[in-house]
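Trainee:
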Amino acid sequence: MRFLVVAVSHRQPEWVESAFADYTKRMPRDARIERVVLKPEPRPENAGPTAIDRLLAREAERILAAVPPRAHRIALDERGRAVTTRDLARSIESWQAIGGDVAFLIGSADGLDATLKSGAQERLALSALTLPHGLV
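Heads up: the sequence shown begins at 321 in the numbering used here, then just goes up one per residue.
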């Protein structure tokens with residue numbers, strides 16, 4: 321079983337790398353944790369909603385290409401289901417019992433394409449706050 325964190329993001333500072341390494345040690349020993357970082361699409365100045373939709377669609381294609389076909393996809397979205405630490409721990413146990421890969425999808429600064437959100441098996445909100453990518 322693998323947990324994949326697929327994020328559309330610019331290069332993160334060293335403290336993010338250290339924090340990721342630390343948190344992977346806290347996960348169940350039989351689960352591999354991998355991070356896939358995809359570069360955001362270039363965003364033109366004064367991009368309107370149509371241009372942003374096109375950017376998100378291109379990012380969505382790249383995200384889907386990075387996720388194994390049968391993976392349980394979880395879109396991280398501010399409008400997703402709010403979870404507590406205990407809820408997430410129970411979910412991790414459940415995913416482990418089922419087996420297979422689990423992919424957490426993190427969008428760019430403009431979020432995730434609507435098709436990724438609707439096609440995901442779950443949508444989770446980590447917080448009502450807008451968090452920097454490094455923290456997510």
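Just so you know, even glycine gets a beta-carbon here, dropped at the ideal spot from N, CA and C.
Thinking just about the alpha-carbon of each residue, which of 343, 428, 402 and 414 is nearest to the one in residue 446?
Mentor: Mapped onto the sequence shown, residue 446 falls at position 126. When only C-alpha atoms are compared, the closest one is 402.
Trainee: With residue 442 as the anchor, note down where its beta strand (DSSP E) starts and where it stops.
Mentor: Numbered from 1 along the sequence shown, position 122 holds the residue referred to as residue 442. Looking at the DSSP string, the run of the beta strand (DSSP E) that includes residue 442 is 442 to 445.
Trainee: Grouping DSSP H, G and I as helix and E and B as strand, with all else coil, what is residue 420?
Mentor: Within the sequence shown, numbered from 1, the residue matching residue 420 stands at position 100. Coil.
Trainee: Considering only the beta carbon of each residue, do residue 375 and residue 363 sit closer than 9 Å?
Mentor: As a working mapping, residue 375 is identified with position 55 in the sequence shown. As a working mapping, residue 363 is identified with position 43 in the sequence shown. Contact: yes.
Trainee: With which residues is residue 326 paired in a DSSP beta bridge?
Mentor: To locate residue 326, count along the sequence shown from 1; it is residue 6. According to DSSP, residue 326 bridges with 356 and 425.
Trainee: Across which residues does DSSP place residue 393 in a beta bridge pair?
Mentor: Taking the sequence shown and counting its residues from 1, one reaches residue 393 at position 73. In DSSP, residue 393 forms a bridge with 423.
Trainee: Looking only at C-alpha atoms, which of 428, 424 and 385 sits nearest to residue 331?
Mentor: What you label residue 331 is simply residue 11 of the sequence shown in a count that begins at 1. It is 428.
Trainee: Are the CB atoms of residue 386 and residue 422 within a distance shorter than 9 Å?
Mentor: Working through the sequence shown from its first residue, we reach residue 422 at position 102. Working through the sequence shown from its first residue, we reach residue 386 at position 66. It is not a contact, given that the beta carbons lie outside the stated cut-off.
Trainee: Is the separation between the beta-carbon of residue 322 and that of residue 351 shorter than 9 Å?
Mentor: Numbered from its first residue, the sequence shown carries residue 322 at position 2. Numbered from its first residue, the sequence shown carries residue 351 at position 31. Result yes, Cβ atoms of residue 322 and residue 351 sit closer than 9 Å.
Trainee: For residue 454, report the span of its alpha helix (DSSP H) as first-last.
Mentor: Numbered from 1 along the sequence shown, position 134 holds the residue referred to as residue 454. DSSP places residue 454 outside any alpha helix (DSSP H), giving it a letter other than H or E.
Trainee: Alpha carbon to alpha carbon, how far is residue 329 from residue 358? Give it in angstroms, no decimals.
Mentor: Numbered from its first residue, the sequence shown carries residue 358 at position 38. Numbered from its first residue, the sequence shown carries residue 329 at position 9. C-alpha separation (whole angstroms): 6 Å.
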